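Line by line, the protein sequences give chains W and F. Read in order, the letters of the first sequence are residues 4 to 467 in our numbering. Read in order, the letters of the second sequence are residues 356 to 434 in our numbering. Note that beta-carbon positions come from the ideal geometry of N, C-alpha and C, so glycine has one too. None of the values given here were measured: they were computed from a predicted structure.
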Amino acid sequence: MSDRTPNTGRSLLRRATLALLTLTLFADRALAHGGSLRAATPEQLAIPTWLFLLTGGGVVGASFLLASFVTNRAFINAVHDWHRRLAVPRATLAAGTLRFIGVLGLLAVLVVGFIGPQFPLGNLAILTVWVGWWAGYTISVYLVGNTWETLNPWRTIAAVLPTVGATYPDRFGAWPSVAGLLALVWLEVVSPLADQASLLATVVLGYTVVTLAGAIVYTPDKWFSTVDPVSRVFTYYGRVAPLRRTDDGLKLRLPGAALSDTRFVDGADEVAFVIALLWVTTYDGFVTTPAWTDLATWLVNLGVPASLLYPAALFAGFGVFLGAYRTATRRSIGFAETYLPAQTLATRFAPSLLAIAAGYHLAHFLGYFLSLSPALVTVAFSPFSPPANVPVIPLPGWFGGLALTFVLLGHLVAIWVAHATAYDLFPSRLQAIRSQYPYIAVMMFYTMVSLWIVAEPDLTPPFL
Amino acid sequence: MTDDAPISCPYCDQRFAREQWQALHLGLDHSDVLSEKEREAVAVAREEEVADLKTFRLKALAALVFLYFGFLFAYSLFA
Ligand SMILES: [Zn+2]
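In structure tokens, the structure reads:
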């Protein structure tokens, strides 16, 4: 894993984020190319890879053991029920501003994407979508609260359009959003969406057409609450956040506390979405590993059509993740010797995984967002004639250490949420602890897989 | 340990594999309607639970110590 591999034409997003994580883990040399977005290849590890991976799994396991020392039900309930109500005046003006910003952003992406300058760092569409929205805005959703219902430009536009109000077939449930999320990520991986502005704008336009059509047919409320994968991502991420809007103002809770609420995730379809959200972050990195290149080359040599490889891997991996979660659930029932249905355990424990997903997202994107935000601001002021040297903040070397901390924090919150959920589900505290064993085992394995992906050199996915 | 027939809660439709868990459930969810006999069962079950937890804590502590020294050892050898 010491070969330096040149990167050509891969998504600037993935390269920058992986470079950040890689630097975090392997070297404390400064992120010298914070601006050029050139990927740093992994440096020689100071410790052997197996020990590095084992340490990650060990930390998760140790956190579980530590959490299991907290056995006071009253204390756990107090932590989870703690909340403050913040009376905010009905912020009509703020909501209007948010809606305006949303629609303006969508317009900017479409217009600048098609006719703006086509180099990635100088294109407002690319910077808005990846830096402003998917990095910065998403971070605000799980750190502060979900504002997507208001900001969502498609919702704002759909509100003024007529609706047919057809009945949505309930048996579909959240499955279309699962398929939609997988499809969006597949598109992001196989196409240079973060490098080619016009392609990005085309995809956004396509998404706009589908979304507005869906909202017209099934009403905006049904579409955005059930079918739209983007809205569902933000709804779920928003549950990690401390702030939530309720009928009487804002409700402040501890971060992650709302994840142990009952009926937040309901049904196998919604569990599948949570798993998909976790899987797609992994898939994104997995296809850049040498192992994937080897596997893909081997399969293509066997005669597997190259165009089938990426969707097949996407579905296979999703199946593996879902299978692992279902197996863990069945084992959990065995360990806890409970008569609760598997469905109850699966739906109650799934939300804890959202904290892990948020942790990985923050680790990937905070540095990316901070270093590129000056570029976003500069280009926003002159979208059609950006300066040749777009300003970027080089990140200090210690910043990389934060990324590992965020991954760890996500796991700690997840372990704590699962702990509290188990105490809620089982009358015996020992039963609650035992019910966690299979989930913790899966979590340790997942941590090791993620770290392994990060530790591998970042190759260009083949056959694209 | 576990009989084939589950133990049901007389107040709701939940079922349990052990008497102890049923008693703990009674204490948690139905504490206001319990008979004197049930109250005693709850108290006994809670004592047992605390004892079980004590044993578990010792094991968890041992596992933590093992992890800590295991990694300390591995790092001094391989890092
Ligand atoms: Zn009962």
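Reduced DSSP secondary structure (H/G/I, E/B, other) of residue i
i: THR292 of chain W; result: coil
i: ARG256 of chain W; result: strand
i: LEU467 of chain W; result: coil
i: ILE418 of chain W; result: helix
i: THR222 of chain W; result: coil
i: SER431 of chain F; result: helix
i: LEU34 of chain W; result: Here LEU34 of chain W scores only 32 on pLDDT, less than 50, and its place in the model is too uncertain to base an answer on.
i: ALA22 of chain W; result: Note that ALA22 of chain W scores a pLDDT of 43, beneath 50, so its modelled location is shaky and nothing firm can be said.
i: LEU363 of chain F; result: Looking at the sequence itself, residue 363 of chain F is Ser, so the reference to Leu does not match. In the structure shown, SER363 of chain F sits in a strand (DSSP, three-state: E or B).
i: LEU398 of chain W; result: coil
i: PRO460 of chain W; result: coil
i: ALA315 of chain W; result: helix
i: PHE321 of chain W; result: helix
i: PHE426 of chain F; result: helix
i: PHE371 of chain F; result: strand
i: THR341 of chain W; result: strand
i: PHE72 of chain W; result: coil
i: ALA417 of chain F; result: helix
i: GLN121 of chain W; result: coil
i: GLN439 of chain W; result: helix
i: PRO179 of chain W; result: helix
i: VAL410 of chain W; result: helix
i: ASN149 of chain W; result: coil
i: THR410 of chain F; result: helix
i: ILE50 of chain W; result: coil
i: TYR328 of chain W; result: helix
i: TYR449 of chain W; result: helix
i: ALA43 of chain W; result: Confidence is the limiting factor: at ALA43 of chain W the pLDDT is only 35, short of 50, which leaves the residue's position unreliable, though a coordinate-based value still follows. If DSSP states are grouped into helix, strand and coil, ALA43 of chain W belongs with coil.
i: ASP384 of chain F; result: helix
i: GLN199 of chain W; result: coil
i: LEU28 of chain W; result: Its pLDDT being 47, under 50, LEU28 of chain W is placed unreliably in this model, and the value from its coordinates should be taken loosely. If DSSP states are grouped into helix, strand and coil, LEU28 of chain W belongs with the helices.
i: PHE352 of chain W; result: helix
i: ASN80 of chain W; result: helix
i: SER390 of chain F; result: coil
Cβ-Cβ distance between residue i and residue j below 7 Å
i: LEU281 of chain W; j: LEU356 of chain W; result: yes
i: LEU68 of chain W; j: ALA415 of chain F; result: yes
i: ALA244 of chain W; j: GLY362 of chain W; result: no
i: PHE516 of chain W; j: SER180 of chain W; result: Only positions 4 to 467 of chain W appear in this structure, which leaves residue 516 of chain W out of reach.
i: PRO430 of chain W; j: LEU422 of chain F; result: no
i: VAL303 of chain W; j: VAL192 of chain W; result: no
i: ALA366 of chain W; j: PHE409 of chain W; result: yes
i: VAL134 of chain W; j: VAL207 of chain W; result: no
i: LEU317 of chain W; j: TRP189 of chain W; result: yes
i: VAL395 of chain W; j: ALA378 of chain W; result: yes
i: ALA400 of chain F; j: GLN369 of chain F; result: no
i: ALA353 of chain W; j: VAL274 of chain W; result: yes
i: PRO232 of chain W; j: GLY270 of chain W; result: no
i: THR296 of chain W; j: LEU164 of chain W; result: no
i: LEU381 of chain F; j: VAL397 of chain F; result: yes
Assumed close pair residue i, residue j - CB separation to whole angstroms, cut-off 8 Å
i: LEU110 of chain W; j: THR153 of chain W; result: Between THR153 of chain W and LEU110 of chain W the Cβ distance is about 17 Å, and since that is not below 8 Å, they are no contact.
i: ARG437 of chain W; j: PHE338 of chain W; result: 4 Å
i: ALA299 of chain W; j: LEU312 of chain W; result: 5 Å
i: THR292 of chain W; j: GLU459 of chain W; result: 4 Å
i: ARG432 of chain W; j: THR74 of chain W; result: 5 Å
i: THR52 of chain W; j: PHE426 of chain F; result: Rounded, the Cβ-Cβ distance is 15 Å, inconsistent with contact.
i: VAL144 of chain W; j: GLY241 of chain W; result: 5 Å
i: TRP301 of chain W; j: LEU56 of chain W; result: In fact, because the Cβ distance is near 24 Å, the residues do not count as touching under 8 Å.
i: LEU373 of chain W; j: LEU398 of chain W; result: 7 Å
For residue i, the first and last residue of its enclosing beta strand (DSSP E)
i: ARG102 of chain W; result: It is not in any beta strand (DSSP E) - ARG102 of chain W instead sits in the alpha helix (DSSP H) that spans 95 to 118.
i: TRP86 of chain W; result: Checking the sequence shown, residue 86 of chain W turns out to be His, not Trp. It spans 86 to 89 - the beta strand (DSSP E) in which HIS86 of chain W sits, taken as one unbroken run.
Alpha helix (DSSP H) segment containing residue i, residue limits
i: HIS367 of chain W; result: 355 to 384
i: ALA246 of chain W; result: For the sequence presented, residue 246 of chain W should be read as Leu rather than Ala. Run containing LEU246 of chain W: none in the alpha helix (DSSP H); it sits in the beta strand (DSSP E), 246 to 249.
i: ILE160 of chain W; result: 156 to 162
i: SER234 of chain W; result: 232 to 243
i: ALA261 of chain W; result: From DSSP, ALA261 of chain W is part of no alpha helix (DSSP H); its letter is neither H nor E.
i: ILE142 of chain W; result: 141 to 146
i: VAL307 of chain W; result: VAL307 of chain W -> no alpha helix (DSSP H), and no H or E assigned at all.
Residue-chain proximity (residue i, chain B), Cβ-Cβ < 7 Å
i: SER431 of chain W; result: In the structure shown, chain B cannot be found, because the protein chains are W and F.
Checklist entry - How would the residue list near ligand 3 read, in chain order, if you kept each one whose beta-carbon is closer than 6 Å to any heavy atom? => result Ligand 3 is not part of the structure shown, which contains ligand 1 as its ligands.
Checklist entry - Should the segment 211 to 229 of chain W be called in touch with the segment 152 to 168 of chain W, which here means at least 3 C-beta pairs below 8 Å? => result yes
Checklist entry - Touching or not, the segment 380 to 392 of chain F and the segment 361 to 368 of chain F, by the rule of three or more beta carbon pairs under 8 Å? => result yes
Next on the checklist: Assess contact between the segment 193 to 208 of chain W and the segment 122 to 140 of chain W, defined as three or more Cβ pairs (one per stretch) separated by less than 8 Å. Is contact present?
Outcome noted: yes
Checklist entry - Is there contact here, the segment 375 to 392 of chain W with the segment 213 to 227 of chain W, by at least three beta-carbon pairs under 8 Å? => result no
Next on the checklist: Does the contact criterion of 3 or more C-beta pairs under 8 Å hold for the segment 218 to 225 of chain W versus the segment 164 to 177 of chain W?
Outcome noted: yes
Next on the checklist: Between the segment 55 to 66 of chain W and the segment 449 to 467 of chain W, can you find at least three pairs of beta-carbon atoms closer than 8 Å?
Outcome noted: yes
Checklist entry - Does the segment 246 to 265 of chain W come close enough to the segment 415 to 422 of chain W to have 3 or more Cβ pairs within less than 8 Å? => result yes
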